[in-house]
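Report on one structure; see the data block that follows.
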Amino acid sequence: MGDGVIGNTLGFGPNVEGSSPSPPANFKQMRITGIILAAGKGTRMKSDLPKVLHTVLGKKLISYAIDSISGIDDTYVVVGHEADQVIQSMPSDIKTIIQHEQKGTGHAVSVVMESTSFQEDNSEYILIIPGDVPLISDVDVEELINKVISSESSVGFLSSHVSNPFGYGRVVRGKDTIEIIEERDCSEDQKKIDEINSGIYCFKKDFLTRYIKELDTSNAQGELYITDLIGIANNEKKDIVIVQVDEHSIQGINSMGQLNEVEDTLQKKIIQSFMEDGVYFQDPTSTYIDESVKISSGAKIFANSHIKGNTVIEENCEIGPNAQINDSHIGQGSKVINSVIDESKIESNGSIGPFAHIRPGSELADNVKVGAFAETKKSKIGKGSKIPHLAYVGDAELGTEVNFSAGAITVNYDGKNKHKTDIKDGAFIGSDVMLVAPVTIGKEAMIGAGSVITKDVPEKSLGIERSDQKNIEGYVDRKKKK
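Letter by letter, the sequence shown follows residues 32 to 513 of our numbering.
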């Protein structure tokens, strides 16, 4: 390519919206280093939590940034505000550079390039992305890299035409010029421009190394802007690539309102993808699903259900209405109604609720029922067993076909330690029973209603503990006379 701006400044070649150009033959051998800018405090968030640690659909903003460039050879993350928190939230193989004073995006990049670890970097291209753009598509990033490398350009960046450009740097085009002007430095006419800069760049390393030293602070904020390198490239007659993308894909987050907007956009996208794969949603507007959730075709998600974390919903399940499931596995054909499930596993054809609470560490085998106002915690429930209603099973192991009746509980805590209750196959636990652990109920044993069981009950035995009933005739009439 010759000097100047590539094509019509919309990308490599004349057709911006067409297919990406084929990368050169040695594309696979070219090394690319990624730099994620995550040092800012996020003042407008009005939160003590660093901006990049806020979550969108259960996933931290910084994790979205890292995942979007997962194919890059090396990645550096620039941290500053609450650096230790941010570092602890990332994979251990990510290299971090601390920007002790936040003096702008250009300063952040120069801190990386001046660091000891970067001196051994042998990449040919540098990809720079902000840490707060969770909707960015890895396809768009790859297209940007491909076009910069294919055209042997000095720099490329993503831009978009947006409905509300307030707060963003504007892409200012002249007849033969192009530059990015930050919001605070824009004239009134420039503020009317609706094409914005995404903050996502791909630089040829030798260009970046040479010209980043020429950045200065002659702007409204007195900072070093990475955007000024676009103007420098233009002045030096270097080729510039611009790839236009959908405005939602580059939406940054600087406030709680924008966090909500981005989360809403991504939620709609995720639910639409599930529906295309055969999942039914009764009311998508009242359903919340984390980015990490997996749902199989044939499942039905009813109104006001919240499915979070690393949850897996298998085929033909019915979830909701009013279900909350966190980090759990729900087997095929199971039903969860008006209930909460946390860090537990339910095998096929389970029946949960209404108003049940399956607490962490619960493992329910096939065809288990946990009914209204029943609760389990750190317990294994065998195939076909039932805890129909108003019961508590904690630190216990139930065999197959156990019936655990209404009002029965395992008394698992003695004030200092937790103890185990072991109930063998086919046992029947009567209503309002207290099983004081540690205790074992034998196979096919029966426990009489209202009993407090403190000793083991042998196989096929009846365990019963209650006082003899006493009826006092005429008591009510005598009491009325008094």
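Don't be surprised by glycine CBs; every beta carbon is placed ideally from N, CA and C.
Residue i versus residue j - alpha carbon distance
| i | j | result |
| --- | --- | --- |
| Leu175 | Lys451 | 59 Å |
| Ile484 | Ala387 | 25 Å |
| Phe435 | Ser462 | 8 Å |
| Met465 | Gly430 | 18 Å |
| Arg241 | Ser182 | 20 Å |
| Gly384 | Lys449 | 26 Å |
| Glu294 | Leu92 | 11 Å |
| Lys222 | His192 | 13 Å |
| Ile224 | Val202 | 8 Å |
| Glu345 | Asn398 | 15 Å |
| Gly35 | Asp321 | Here Gly35 scores only 35 on pLDDT, less than 50, and its place in the model is too uncertain to base an answer on. |
| His420 | Gly457 | 18 Å |
| Ser540 | Gly351 | Residue 540 lies beyond the residue range present for the chain, which begins at 32 and ends at 513; the question has no answer from this structure. |
| Gln275 | Ser190 | 5 Å |
| Asp237 | Val324 | 42 Å |
| Ala468 | Tyr444 | 8 Å |
| Gly8 | Glu292 | The structure shown does not extend to residue 8, since the chain is modelled only from 32 through 513, so no value can be given for it. |
| Gly44 | Asn335 | Reliability fails at Gly44, whose pLDDT of 29 lies under 50, so the model's placement of it is uncertain and the value that follows must be treated cautiously. Whole-angstrom Cα-Cα distance: 48 Å. |
| Asn502 | Asn347 | 54 Å |
| Ile212 | Arg62 | 30 Å |
| Leu493 | Lys414 | 23 Å |
| Val488 | Met477 | 9 Å |
| Asp171 | Lys455 | 58 Å |
| Phe562 | Ser184 | Residue 562 is absent from the model: the chain starts at 32 and stops at 513. |
| Ala405 | Lys511 | 40 Å |
| Lys331 | Ala437 | 30 Å |
| Gly89 | Lys447 | 35 Å |
| Asp152 | Ser146 | 10 Å |
| Gln528 | Thr248 | Lying before the first or after the last residue shown, residue 528 is absent from the chain, which here runs from 32 to 513. |
Close beta carbons around residue i, own chain, < 6 Å, minus the five adjacent residues each side
| i | result |
| --- | --- |
| His337 | Tyr319, Gln355 |
| Asp216 | Asn250, Ala251 |
| Ser410 | Ser393, Val424, Ala427 |
| Pro196 | Asp225, Ile227 |
| Ile243 | Ser141 |
| Ala396 | Glu378, Gly413, Lys414 |
| Phe459 | Asn434, Met477 |
| Ser328 | Asp308, Gly309 |
| Val186 | Phe234, Ala264, Ile271 |
For residue i, the residue or residues it bridges with in DSSP
| i | result |
| --- | --- |
| Ala403 | His420 |
| Phe188 | Tyr232, Ile273 |
| Thr147 | Per DSSP, none; premise fails for Thr147. |
| His388 | Val371, Glu406 |
| His337 | Tyr319, Gln355 |
| His360 | Val343, Lys376 |
| Leu453 | For the sequence presented, residue 453 should be read as Asp rather than Leu. BP columns for Asp453 point to Glu428, Thr471. |
| Glu226 | His192 |
| Ser436 | For Ser436, which the question treats as bridged, DSSP gives no partner whatsoever. |
| Ser382 | Lys366, Lys400 |
| Met465 | Ile440, Val483 |
| Glu504 | Its beta-bridge partners do not exist; DSSP assigns none. |
| Gly494 | Ile478 |
| Glu394 | Lys376, Lys411 |
| Phe459 | Asn434, Met477 |
| Val87 | Lys90 |
| Lys325 | Val343 |
| Val202 | Ile211 |
| Lys331 | Tyr311, Glu349 |
Residues of its chain near residue i, where Cβ-Cβ distance is below 8 Å and the 5 sequence neighbours each way are ignored
| i | result |
| --- | --- |
| Ile97 | Ile67, Thr106, Val108, Met121, Pro122, Ile125 |
| Ala480 | Ser436, Gly461, Ser462, Asp463, Val464 |
| Pro165 | Val87, Lys90, Leu92, Tyr95, Ala96, Ile284, Val293, Leu297 |
Cβ shell of residue i (< 7 Å), same chain only, five flanking positions each side left out
| i | result |
| --- | --- |
| Ile118 | Val110, Thr127 |
| Asp169 | Ser99 |
| Gln116 | Pro81, Leu84 |
| Asp508 | none |
Nearest-angstrom beta carbon gap, residue j and residue i [assumed within contact, 8 Å]
| i | j | result |
| --- | --- | --- |
| Gly200 | Glu214 | 7 Å |
| Glu254 | His138 | 7 Å |
| Lys206 | Val272 | Contact doesn't hold; Cβ gap of about 19 Å is too wide. |
| Lys474 | Glu490 | 5 Å |
| Ser416 | Val433 | 4 Å |
| Thr136 | Tyr256 | 6 Å |
| Thr64 | Ser154 | 4 Å |
| Ile372 | Asn357 | 7 Å |
Cβ-heavy atom distance, residue i to the ligand SAM, below 7 Å
| i | result |
| --- | --- |
| Ser416 | Absent from the structure shown: the ligand SAM. Ligands present: none. |
For the structure I just gave you, are there three or more beta carbon pairs, one from the region 154 to 168 and one from the region 231 to 242, closer than 8 Å?
yes
Below 8 Å, how does it come out for the region 62 to 72 and the region 137 to 149: are there three or more Cβ pairs, yes or no?
yes
Quick test of the definition: if touching needs 3 or more C-beta pairs under 8 Å, does the region 258 to 265 touch the region 275 to 284?
Contact between the region 258 to 265 and the region 275 to 284 is absent: fewer than three C-beta pairs spanning the two stretches fall below 8 Å.
With a cut-off of 8 Å, do at least 3 Cβ pairs link the region 307 to 316 to the region 92 to 105?
no
Evaluate the contact criterion for the region 356 to 364 versus the region 375 to 383: three or more CB pairs, one atom per stretch, below 8 Å.
yes
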